[in-house]
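Here the structure comes first, spelled out in structure tokens, and everything after it is commentary.
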Amino acid sequence: NCSVNQVGVNVAKCLVACSPGSEVRGPRIVRGASHCLRGENYGQDGDGLGDAGLPEPPAALVPRVGLNGEREAAVEIIALCREASSVGAVVCLVMLGPLTNLALALQQEPKLRAMLPQLVVMGGCGNGHGNYGRATEFNIMADPEAAAKVFTTDWPDLTVASWETSLASFVPWPVFDKLLYSKEGKRSKVGRFLGAVCHWEFVEGREQPAENKVCLPESKKRKRWPEDPLPRLVDQGSSSASSSCGAVICDAVAVAIALKPEVVRKSCDVHVEVELKGDITRGQTVVDWGTSCEGAGRQRRVCWAEELDVEMFCQMLRETVAA
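In full-length UniProt numbering, the protein residues as written are 1 to 323.
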């Protein structure tokens, strides 16, 4: 949730953190749209990775539009789907941010829906309890027109990992703490990365022994953190949070659903529309749960994930961080 240039840098940092040794492995990074369909640009303060002062990634990993024939995300989505269709492969696209790139791809290739058999969208709130506005979730509010275009498309398989689903799928603090350490009690490369990035959001305000208390900057001013900023909490037995019971990791929820659909314990087929004109509800995902009389006969083609198997989800996280 920062500038598109910074997003490219951040993804490169993630690839470096997840690559064993010094050799960086992973998919090629492609630059996305720099603004929403109407031209506005919504973002948040900071560098998007907790202002942790992480080392800069190799320049060759960071996408640069126009250099070496690199393409923007919308074009790349179309090319990937066409290539997969030509060889009989199945593509699952996971949207972890605003839906601008997918909407642009739909504009350029109306037949895209037939080439994309599985789509998972992280975003929206079905109960009206927003995280950006009073009734809006950030990813949808950031580009309502793009979201409306995506939700009015008749996809073969569209699953939504909503804000409230992510909240309900929190990772208990004792489990989260142990994710940062290997069985030998040492920080893994990924664990150090997670510790730095998640320091502010997941540690501030938690109940800890006085000797383990983390000194945070005044007025929530973020500063550069050391390489291993979190206190050792694994064996302290005091990992409960004062304001919540665990870490909410929205991106991981969406990816878990894509990788292992059986992680969803409860879901509902619904009809979703995006409000585009409301003075205080613009960007709201209006969900028809099939309970209204006026909605009879309305197509319910969106699978709304309501509940996850949290133990299975946590095990997927353990396997990922330990890999």
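Just so you know, even glycine gets a beta-carbon here, dropped at the ideal spot from N, CA and C.
- Is A105 near I77, with beta carbons less than 7 Å apart? Along the sequence shown, one-based indexing puts residue 105 at 105. Along the sequence shown, one-based indexing puts residue 77 at 77. Taking 7 Å as the Cβ cut-off, A105 and I77 qualify as a contacting pair.
- Query: Which two residues bound the contiguous alpha helix (DSSP H) that contains A84?
  - Reply: Locating residue 84 in the sequence shown gives position 84, where the first residue counts as 1. Taken as a continuous stretch (DSSP letters only), the alpha helix (DSSP H) holding A84 covers 73-87.
- If you check the beta carbons only, do A52 and T100 fall under 7 Å apart? In the sequence shown, the residue the question calls residue 52 occupies position 52. In the sequence shown, the residue the question calls residue 100 occupies position 100. No, Cβ-Cβ distance for A52 and T100 is not below 7 Å.
- Between which two residues does the beta strand (DSSP E) harbouring L308 extend? For this step, residue 308 is matched to residue 308 along the sequence shown. From DSSP, the beta strand (DSSP E) with L308 extends over 302-308.
- Query: P172 bridges to which residues according to DSSP?
  - Reply: Walking along the sequence shown from the start, residue 172 turns up at place 172. Note: P172 sits in a beta bridge opposite G246.
- Message: In whole angstroms, give me the CA-to-CA distance for L308 and A247.
- Response: Residue numbering aside, residue 308 sits at position 308 when the sequence shown is read from its first letter. Residue numbering aside, residue 247 sits at position 247 when the sequence shown is read from its first letter. Spanning the two alpha carbons is a distance of roughly 15 Å.
- Query: Whose C-beta lies closer than 8 Å to the C-beta of R300 among residues of the same chain, with five residues either side of it excluded?
  - Reply: Taking the first residue of the sequence shown as 1, we reach residue 300 at position 300. If we look at R300 and ignore the five residues flanking it on each side, its Cβ neighbours are D269, V270, H271, D288, G290.
- Query: For A103, is the classification buried or exposed, using 16 other Cβ atoms within 10 angstroms of its Cβ as the cut-off for buried?
  - Reply: As a first step, residue 103 is located in the sequence shown; it is residue number 103 there, counting from the start. Buried.
- Query: From Y181 to H35, what distance separates their C-alpha atoms?
  - Reply: On the sequence shown, residue 181 is found 181 positions in, with the first residue counted as 1. On the sequence shown, residue 35 is found 35 positions in, with the first residue counted as 1. If you draw a straight line from the Cα of Y181 to the Cα of H35, it is about 38 Å long.
- Item | Three-state secondary structure assigned by DSSP to V62 | Position 62 of the sequence shown holds residue 62. Three-state DSSP puts V62 in coil, outside helix and strand.
- Message: Quick check on E137: buried or exposed, where buried means 16 or more other Cβ atoms within 10 Å of its Cβ?
- Response: Sequence index remark: in the sequence shown, residue 137 carries index 137 (1-based). Looking at its Cβ environment, which holds 16 or more other Cβ atoms inside 10 Å, E137 is buried.
- Item | N- and C-terminal bounds of the beta strand (DSSP E) containing L266 | The residue labelled residue 266 in the question sits at position 266 within the sequence shown. This sequence places Lys at residue 266; Leu is not what is there. Here the beta strand (DSSP E) through K266 covers 264-274.
- Message: Determine whether the beta carbon atoms of I257 and V150 lie at a separation below 7 Å.
- Response: If you number the sequence shown from 1, residue 257 lands on position 257. If you number the sequence shown from 1, residue 150 lands on position 150. Not a contact, by the Cβ cut-off of 7 Å.
- Item | Beta-carbon proximity list for V263, same chain, < 8 Å, skipping 5 on both sides | In the sequence shown, counting from the first residue as 1, residue 263 sits at position 263. Cβ within range, chain order: A256, I257, L308, D309, M312, F313, M316.
- Nearest-angstrom Cβ-Cβ length linking G50 and C198, presumed shorter than 8 Å: The residue labelled residue 50 in the question sits at position 50 within the sequence shown. The residue labelled residue 198 in the question sits at position 198 within the sequence shown. So it is a contact: roughly 7 Å between Cβ atoms.
- Beta-carbon proximity of C81 to V91, cut-off 7 Å: Here residue 81 is taken as the residue at index 81 of the sequence shown, counted from 1. Here residue 91 is taken as the residue at index 91 of the sequence shown, counted from 1. Their beta carbons are under 7 Å apart, which means C81 touches V91 by this criterion.
- DSSP-derived helix/strand/coil call for C36: Against the sequence shown, residue 36 aligns to sequence position 36. Reduced to three states, the DSSP call for C36 is coil.
- Message: Could you tell me the alpha carbon to alpha carbon distance between D177 and S188, rounded to whole angstroms?
- Response: Counted from its first residue, the sequence shown places residue 177 at position 177. Counted from its first residue, the sequence shown places residue 188 at position 188. Taking the straight line joining both Cα atoms gives about 12 Å.
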